[in-house]
Amino acid sequence: MRLSIRLMLFAAALVGVAARPAAAAVSVVATTEDLASLAREVGGDRITVVALAKGYQDPHFVDPKPSFILAVSRADLLIVVGRELELGWLPPLVTSGRNAKIQPGANGYLDASANVRILEIPTAQITRAMGDVHSQGNPHYWLDPGNGRRIAQTIKDKLIQLSPADRAYFDQRYADFDKRLAAAESRWDSTMAPYKGTKIVTYHRSWPNFMERFGLNVIGYVEPKPGIPPTTSHTVDLIDEMKRQGVKLIIVEPYFDLKTPQAIAKQVGGEVLVLAPSVGGTKEATDYIRLFDYDVNVVVAALKKATGK
Amino acid sequence: MQPNRLVQVCVISACLVAVPVMTSAQTADSRALRQEIDQLRADFEMLRQQYGDRLSALEARLAALKDAAPAPLPVSGVSANSSKVFNPDMSVIGNFVGVAGRNPMSDQPSLSLTEVEAAFQAVVDPYARADFFLSASPEGLEVEEGYITFTSLPAGLLLKAGKMRAQFGKVNTMHTHILPWADRPLVSQNLFGGEEGLTDAGLSVSRLIPNSFMFIDAVGEVYRGDSAVFHSEARSKLNYVGRLRGYRDLTEGTNVDLGVSYARGPSAALPGSGTRLTGVDATFRYRPLRRAIYRQFVGRTEFVWSRQDVPAGAQQNASGFYASADYQFARRWFIGARGDRSGRALDSALHDSGGSISLTFRPSEFGLIRGQYRHTRYAEGIDANELLLQLSFSIGAHGAHTF
Chain A
342 MRLSIRLMLF
352 AAALVGVAAR
362 PAAAAVSVVA
372 TTEDLASLAR
382 EVGGDRITVV
392 ALAKGYQDPH
402 FVDPKPSFIL
412 AVSRADLLIV
422 VGRELELGWL
432 PPLVTSGRNA
442 KIQPGANGYL
452 DASANVRILE
462 IPTAQITRAM
472 GDVHSQGNPH
482 YWLDPGNGRR
492 IAQTIKDKLI
502 QLSPADRAYF
512 DQRYADFDKR
522 LAAAESRWDS
532 TMAPYKGTKI
542 VTYHRSWPNF
552 MERFGLNVIG
562 YVEPKPGIPP
572 TTSHTVDLID
582 EMKRQGVKLI
592 IVEPYFDLKT
602 PQAIAKQVGG
612 EVLVLAPSVG
622 GTKEATDYIR
632 LFDYDVNVVV
642 AALKKATGK
Chain B
21 MQPNRLVQVC
31 VISACLVAVP
41 VMTSAQTADS
51 RALRQEIDQL
61 RADFEMLRQQ
71 YGDRLSALEA
81 RLAALKDAAP
91 APLPVSGVSA
101 NSSKVFNPDM
111 SVIGNFVGVA
121 GRNPMSDQPS
131 LSLTEVEAAF
141 QAVVDPYARA
151 DFFLSASPEG
161 LEVEEGYITF
171 TSLPAGLLLK
181 AGKMRAQFGK
191 VNTMHTHILP
201 WADRPLVSQN
211 LFGGEEGLTD
221 AGLSVSRLIP
231 NSFMFIDAVG
241 EVYRGDSAVF
251 HSEARSKLNY
261 VGRLRGYRDL
271 TEGTNVDLGV
281 SYARGPSAAL
291 PGSGTRLTGV
301 DATFRYRPLR
311 RAIYRQFVGR
321 TEFVWSRQDV
331 PAGAQQNASG
341 FYASADYQFA
351 RRWFIGARGD
361 RSGRALDSAL
371 HDSGGSISLT
381 FRPSEFGLIR
391 GQYRHTRYAE
401 GIDANELLLQ
411 LSFSIGAHGA
421 HTF
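Residue numbers (the working numbering), protein chains in the order written: chain A, 342 to 650; chain B, 21 to 423.
Spelled out as structure tokens, the structure:
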């Protein structure tokens, strides 16, 4: 008897405050700034968007901070990159978020990778001896504008499902984004066209979709294996290979140390380019289209210098 | 049928009649005709060739497309492993510790596989997830934790039921392999159960307290009373634990984490008496986002007060604390230091103190090698200087840890 009274008091004290009234706009939490930007393109002022990881942060290694739990607990829709990118930090946020709406499988949980083109899906047995390989393919898929369009469409469909009254608004926003993206794509394609087939080196395997889309040829990585920091022997081999093939450009994400890439660039007489792998990765990359504007401009300027074309 | 055949017969007979008449007169015409037929035949042959080529080219392209097309997109797991999709995430973590140096107060062997932890974690259904941690140590195999978490309760509640580590302070909630040290602090060993800690069967309810200033989480727990600190012999006597945790981001790279914890219940050390524990903990973290994989600092301290209510005797009050700092100075290297001081729960006149420094190398996220020098001065006046070597290694898919 005494026990049950104590338990009830416990529960009553914890419940305390009554549930908040629902907000009018759809509250969206996206795990990355890229997804947040695409959601904003489609959702406009009918949604509010919060991004968890910053664009200049390694999206594999994010602290599941309690402040993120607060954001997740208030969300109507959680958009994730998926493909195991957030495996190390999102699950505890979703569990601690105490939010039935955004649990995996619920209506408010959206895996943005559902309809996109995924590269590097392993076809044979993988082990951790290969480094940080993702069993569901390369998760950096948003770096292909074609995939950006597909993500935007997936988000649009989900927003319509959550807020059917705004269907016309979301449709119109998506059509507008689609048009602007198509115009930008033809711009990027024509500036990149002269450099098709140019060989480059990247730090991590973050760029296969970007390189495939714009026809650049990645011949090696600064990391010996995904997620494994550079080693001397691998660096020496890479320098030899770059010299042999005449490779001058090394592309690095903003969250990696530049010491090794710069040493390699010095040896081969090349250049290190810090590109933005995500919206917010540099201050110029304020939205999804400007992200490619920035990256394409930086790459083209360097290639122009290197090739004289 | 009948009229058709009639027509055919007529045409053939007409031809037969006509040809001999025409042969002599129109040899030139027939030559031209033959030429035309040959021409047509050649044209036809060329067309056939062209269409054949185009067809085989199309077939080749189709086959190439089939190869290049992305495989159907699995939503979880790899298609090749689809039979394992519903298996829980499974992992095994080994913790190997070697000790050198003299310590008459400790019976820790020179080399031992102190723990093998097997974890099984998965979502149960749309309403809950389950986590099991089995721990095999030289003492035997036991369920370290095994609980269900209801994630979809109303009013922002989170309910856990099963056997689990009580939410008392910080170090009590941590599994061995995520501690920044090769051992547990003196205060934990003297006042709240050491390695095993407050781990018991019970219920845990927590709720976020909404406010605009900081993250506040309130936890209330009730346990059966069967841990290293609390022991109950009656159903009506239970062990209660409460915790209030506040967290705030100072900047994007720095934050503070504060907590107050309280636990009370029947004492395990003195049957018939009660034990109360009060704890305060503070953590400061620094991790610059742009260099998050290279630099990190965590400073942490935890104070615990213990009170034993002896039925017919003097009340025993003891307290202790540790303060630690850990700094990551390269992608795979960490250094750390810890200061310790703690009274003994049953004799408030006795105090142990000590200190440690450590160097940790993490070749990958899945393993670590740690060297730790530990000095301990026991209340009896005994000094112990020890060198600890820890190897921790994990295989399989281990769920992410809470922050």
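Ideal placement from N, C-alpha and C gives every residue a C-beta, glycine not left out.
The structure displayed is predicted, hence computed values, not measured ones.
Excluding residues up to 5 positions away in sequence, L206, V207, N210, L211, V324, R361, S362, G363 lie with their Cβ nearer than 7 Å to the Cβ of G340/B in the same chain. Below the 7 Å Cβ cutoff, chain B contributes F386 as neighbours of R469/A, in chain order. Judged by beta-carbon spacing, Y342/B lies beyond the 7 Å limit of F317/B, meaning their Cβ atoms are not closer than that value. A straight-line Cα-Cα distance of about 25 Å links E164/B and P407/A. Proximity of G446/A to chain B, defined by a Cβ-Cβ separation below 7 Å, is satisfied. A distance below 7 Å between beta-carbons, with the five flanking residues on each side excluded, links Q444/A to the following residues of its chain, in chain order: V435, Y450. Under the Cβ distance rule, Y596/A counts among the residues neighbouring chain B, one pair being separated by less than 7 Å. Within chain B, the residues placing a beta-carbon under 9 Å from that of A441/A are P146, Y147, T171, S172, L173, P174, ordered along the chain.
I313/B belongs to the set of residues whose beta carbon lies under 7 Å from a beta carbon in chain A. Short of 8 Å from the beta carbon of N488/A, and not among the five residues preceding or following it, lie these beta carbons of its own chain, in chain order: V457, R458, Y482, N550. Its chain contains R284, G285, P286, S287, Q328, D329 as the residues whose beta carbon lies nearer than 8 Å to that of G294/B, once the 5 sequence neighbours on both sides are disregarded; these appear in chain order. Here V403/A has A394, W430 as same chain residues with Cβ atoms under 6 Å from its own Cβ, once five neighbours each way along the sequence are excluded. Within a 10 Å sphere around the beta-carbon of V422/A sit 16 or more other beta-carbons, which makes this residue buried.
Along the length of the stretch 134-158 of chain B, whole beta strand (DSSP E) runs at least 3 residues long occupy 148-157, reported in chain order. The Cβ atoms of M234/B and R255/B do not sit closer than 7 Å to each other. Less than 7 Å divides the Cβ of S247/B from the Cβ of L218/B. Residues of the stretch 623-645 of chain A whose Cβ lies closer than 8 Å to any Cβ of chain B: none. Note that the C-beta distance between A377/A and V367/A is not below 7 Å. Assignment of T422/B by DSSP, reduced to helix, strand and coil, places it in the coil class. Beta bridge pairing from DSSP links N440/A with no other residue. Where I355/B is concerned, the enclosing beta strand (DSSP E) starts and stops at 353-364.
With the criterion set as a beta carbon lying under 9 Å from some beta carbon of chain A, the members of the stretch 411-423 of chain B are I415, A417, G419, A420, H421, T422, F423, in sequence order. Per the coordinates, the alpha-carbon of I410/A lies some 47 Å from the alpha-carbon of I402/B.
According to the DSSP assignment, H575/A belongs to no beta strand (DSSP E) but to the alpha helix (DSSP H) extending over 573-586. R381/A and Y510/A do not touch by the CB rule: their CB atoms are close to 13 Å apart, not below 8 Å. The shortest CA-to-CA distance from M552/A to any of V563/A, K537/A, P565/A is the one to K537/A. By the Cβ-count criterion, G273/B is buried, with 16 or more other Cβ atoms from all chains shown falling within 10 Å of its own Cβ. In the DSSP assignment, E427/A falls outside any beta strand (DSSP E), carrying neither H nor E. For V276/B, none of the residues of chain A pass the 8 Å Cβ criterion, the least Cβ distance being about 11 Å.
Rounded to whole angstroms, the gap between the alpha carbons of A416/A and Y71/B is 59 Å. Looking at the DSSP output, L614/A shares a beta bridge with I592/A. R394/B counts as buried, since no fewer than 16 other beta carbons sit within 10 angstroms of its beta carbon.
Taken atom to atom, the span from the alpha-carbon of W353/B to that of D519/A is near 47 Å. M125/B sits in coil when the DSSP states are folded into three classes, being neither helix nor strand. Assignment of beta-bridge partners to F341/B by DSSP yields F323/B, R361/B. Just measuring C-alpha positions, the residue of L178/B, V225/B, A156/B sitting nearest T196/B is A156/B.
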